[in-house]
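Respectively, the protein sequence lines represent chains L and R.
The opening position of the first sequence corresponds to residue 1 in full-length UniProt numbering, with each subsequent residue numbered one higher.
The opening position of the second sequence corresponds to residue 1 in full-length UniProt numbering, with each subsequent residue numbered one higher.
Structure first, then comments.
2 protein chains.
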Amino acid sequence: MAAAGEIRELTVDLGDRSYPIYIGSGLHAKSGEYFKRLGLPAGSPLLLVTDASVHGLYADRIKQSLQDAGYQVAVSVVPSGESSKSLTQLDALVADALTGGLDRKSTVVALGGGVVGDLAGFLAAVYMRGVRFVQMPTTILAHDSSVGGKTAVNHSLAKNIIGAFHQPEAVLYDLDALVSLPMREVRSGLSEVIKHGLIWDAAFVDWCEENAERLLALDPDALGYALYEGCKVKSIVVSRDERENDLRAILNLGHTIGHALEAAAGYGELLHGEAIAIGMVGSARLAARFGYGDDIAIRTEAIFRKFGLPVRIPAHLAADEIMKAMQHDKKFSEGSMVFVVPTSIGSVEIRRDVSASWVREIVEGLTEEA
Amino acid sequence: MAAAGEIRELTVDLGDRSYPIYIGSGLHAKSGEYFKRLGLPAGSPLLLVTDASVHGLYADRIKQSLQDAGYQVAVSVVPSGESSKSLTQLDALVADALTGGLDRKSTVVALGGGVVGDLAGFLAAVYMRGVRFVQMPTTILAHDSSVGGKTAVNHSLAKNIIGAFHQPEAVLYDLDALVSLPMREVRSGLSEVIKHGLIWDAAFVDWCEENAERLLALDPDALGYALYEGCKVKSIVVSRDERENDLRAILNLGHTIGHALEAAAGYGELLHGEAIAIGMVGSARLAARFGYGDDIAIRTEAIFRKFGLPVRIPAHLAADEIMKAMQHDKKFSEGSMVFVVPTSIGSVEIRRDVSASWVREIVEGLTEEA
């Protein structure tokens, strides 16, 4: 365990696109120092992209630190929520970047959760065909989306369908920003943390279970360790398969059912981490169909219950709707049904031979009585 | 000189992103055969993007050939002209791709000139974070834009500001498509061909000058050779500097003044090749200021005159407007004025020490009397 106040650091190993992740307290106020250390050119303006909820909390402190270090900073505030991940919002940000004088050597900074990270990252990927990018996540959930270089906006017909792989120069993760999170978002974020254990590291799953209370109380040291371990699993997987040709798909544990639940419920009713918690229980039940034993599902469900996360599908969501939403999920390749299935706690495999009727039975079995 | 009917082939050497360029007659009718040879998967639908002018001429023949080879083909027709290079049009094409069932293994095919190539290429770059892409240029000008992987759409405040580097799987250049080009577009396209000689290959400039009549008469063998040589220069430069860190900038010979002329005139009045012909004469005059002799400008002007291209700025374009438009050109890095300047016929250098007053004098000197 690290000493209190320590900055944890790890590297996403991607050859000449490798980058560091810094996790700790007080990083916002040191932004300027970190940007200089990263070699980000001060001669070109920065654009700090954030959303309406985060802006008032942290933007001024970061802007001040960057200006003190000699950076010129423009700030764009987008509306909070998924609807900002749009081409319309991208168009507005490009206008901000142009009027802010951003050139090819400029850096776009994402300050916020997954929505801001995905949107600002896509801006950085396409503005002048690609400029530098720094992620400053302000949610637990964003420990996942801020690492790995996936950026995207939504289309009216499909989520995340317009995007790019564009790796950041660095991830600066200030733990102090997490204390303002609503409890429900804390739980939701921890769901992705636990997912990283479930796909890769049984010992970390044990640790999460043992430290549930500390994590839910936002104990900085426990949280710093959990985010470090979560980011580590993510970065190992991404290092080995940057563009999701094979291995990276294991990060989608629980996401096939999870995304379908989000879509069927209408975005916003279920938080992402809640939807994938239910999805991971579903995948664990699928494991039993492949002969991996009932204990995986029992343990998976117990862990999520301990963190106060849902493990059942709300009664008003019809199985038909959920199955239909799954057909639209872009994880279906050439019509066959693909699932990430646990083989034990801490290990998964990608199955391309999953029958739709099994999935329907599991969805129905997970649905609460009306 | 190649035998009549021969397919010329060259490779853009970019490591694991290398790709072939095929130039010759009758390629459209053989599309299916070429796609199979390229290993493009037939299990995933293709999207053929074209514009209203080209669609009626060639799309059916290509679609038929692809279908005969076992491909499922959806077709999107965008309005002709620069206004199609927009996020709005991208949004519409993403809808077409989704309803056409395109998945991660699909291929987007651009059939048309630079507008279609840039738009469809950007679609391929961002749809599902990147799918395969084939260029089938139908103009001479597009020998330039179809090679090198630059894709983009415009923003209301700036051209080509939203884009990506996304290399195609191949360029299939059917010379038969060029016979339907209006004469003015033929001349405009040849302007970029000559540019490739001016920056890299004095012998090719000589050849162009000697073969002007054959080229303007669209003699297939002369045209095939000229496009082969033009693509060759482009591909050598791109191979050495894919992302325009240094060398690739030489491809912008004549483009700083040229783009400013296009912007000041309002897009459409001057064709791109016309604007850069005037720009290249301007750059050649700049060469004299750096002591490279007047003969470069005299020779450059004579060549473009021989091809019936403009070498003077129309009288109604004010120098103030042209200078203002140049400030917005994204080729200005950190405020300094950068120009590609010939040092002799067939060779250029990048100068970062170009004084704005010289440029203004040259612009004024090139402007026709009212």
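Note that CB positions come from ideal geometry on N, CA and C, so glycine has one too.
Since the structure is predicted, the reported quantities are computational estimates derived from the model, not experimental observations.
For the candidate residues the options, whose alpha-carbon lies nearest to that of residue i?
| i | options | result |
| --- | --- | --- |
| R:Q72 | R:K36, R:G15 and R:K195 | R:K36 |
| L:I7 | L:A264, L:L14 and L:G26 | L:G26 |
| L:A69 | L:D91, L:P79, L:L38 and L:L98 | L:L38 |
| R:A92 | R:V77, R:G121 and R:H155 | R:V77 |
| L:R17 | L:H166, L:G114 and L:S84 | L:H166 |
| L:P182 | L:T151, L:I199, L:I140 and L:D206 | L:I140 |
| R:E169 | R:S146, R:S44, R:E368 and R:I298 | R:S146 |
| L:Q327 | L:A315, L:A277, L:E369 and L:L261 | L:L261 |
| R:A59 | R:D96, R:V109, R:I21 and R:L14 | R:V109 |
| L:I199 | L:L216, L:D219 and L:L247 | L:L247 |
| L:P314 | L:E369, L:E213, L:G117 and L:K85 | L:E369 |
| R:L218 | R:L40, R:L178 and R:G101 | R:L178 |
In terms of residues, what are the limits of the alpha helix (DSSP H) holding residue i?
| i | result |
| --- | --- |
| L:D96 | L87 to T99 |
| R:F304 | D295 to K306 |
| R:V233 | P220 to R240 |
| R:G112 | Note, R:G112: premise wrong, no alpha helix (DSSP H); beta strand (DSSP E) at T107 to G112. |
| R:A263 | H255 to A265 |
| L:D144 | A142 to S145 |
| R:D206 | A202 to E210 |
| R:E364 | A356 to L366 |
Near residue i, what residues of its chain come up, given a Cβ to Cβ distance below 7 Å and the 5 sequence neighbours on each side ignored?
| i | result |
| --- | --- |
| R:G148 | K234 and V238 |
| L:I362 | G282, R285 and L286 |
| R:I350 | A249, I250, V338 and V340 |
| L:E209 | I303 and K306 |
| L:V12 | S18, Y19, I21, V147, S235, V238 and S239 |
Assuming residue i is part of the beta strand (DSSP E), what are its boundary residues?
| i | result |
| --- | --- |
| R:R8 | R8 to V12 |
| R:E349 | S347 to R351 |
| L:H155 | K150 to H155 |
| R:S344 | F339 to S344 |
| L:G163 | A158 to F165 |
Give every residue of the same chain whose Cβ lies closer than 6 Å to the Cβ of residue i, excluding the five residues on either side of it in the sequence, and list them in chain order.
| i | result |
| --- | --- |
| L:G112 | T50, D51, V54 and T138 |
| R:I296 | A284, A287 and P342 |
| R:F332 | Confidence is the limiting factor: at R:F332 the pLDDT is only 49, short of 50, which leaves the residue's position unreliable, though a coordinate-based value still follows. Answer for R:F332: no residue qualifies. |
| L:L227 | I23 and H143 |
| R:I257 | G279 and G282 |
Reducing DSSP to helix, strand and coil, say where residue i ends up.
| i | result |
| --- | --- |
| L:S333 | Unreliable positioning characterises L:S333 in this predicted model, as indicated by a pLDDT of 44, which lies under 50. The coordinate reading is nonetheless provided below. If DSSP states are grouped into helix, strand and coil, L:S333 belongs with the strands. |
| R:Y173 | strand |
| L:Y292 | coil |
| R:M128 | coil |
| R:A74 | strand |
| R:L27 | coil |
| R:V193 | helix |
| L:Q64 | helix |
| R:V281 | helix |
| L:D51 | strand |
| R:L40 | coil |
| R:V115 | helix |
| L:V179 | helix |
| residue 399 of chain L | Lying before the first or after the last residue shown, residue 399 of chain L is absent from chain L, which here runs from 1 to 370. |
| L:L46 | strand |
| R:Y34 | helix |
Below 8 Å CB to CB, which residues in the same chain sit around residue i once its five sequence neighbours on both sides are set aside?
| i | result |
| --- | --- |
| L:E334 | Caution applies to L:E334, whose pLDDT of 42 falls short of 50 and renders its modelled position unreliable; the value that the coordinates give is listed next. Once the five neighbours on either side are set aside, L:E334 has no close Cβ partner at all. |
| R:G24 | G5, E6, I7, R8, Y173, D174, L175 and G224 |
| R:D201 | E229, V233 and G346 |
| R:I162 | L87, F122, A152, V153, N154 and H155 |
| L:D96 | L47, A74 and S76 |
List the residues of chain B whose Cβ lies closer than 7 Å to the Cβ of residue i, in chain order.
| i | result |
| --- | --- |
| R:D91 | Here chain B cannot be found, since the structure's protein chains are L and R. |
The stretch 18-38 of chain R in contact with the stretch 65-84 of chain R per 3-pair CB rule at 8 Å: Yes, the stretch 18-38 of chain R touches the stretch 65-84 of chain R.
The stretch 346-357 of chain L / the stretch 12-31 of chain R touching (three or more Cβ pairs under 8 Å): The answer is no - the stretch 12-31 of chain R does not touch the stretch 346-357 of chain L, with fewer than three Cβ pairs under 8 Å.
contact_flag[the stretch 72-85 of chain L, the stretch 127-138 of chain R] where n(CB pairs < 8 Å) is 3 or more: Between the stretch 72-85 of chain L and the stretch 127-138 of chain R there are fewer than three C-beta pairs closer than 8 Å, too few to call the two in contact.
Cβ pair count under 8 Å reaching 3, the stretch 183-190 of chain R against the stretch 303-318 of chain R: These segments touch.
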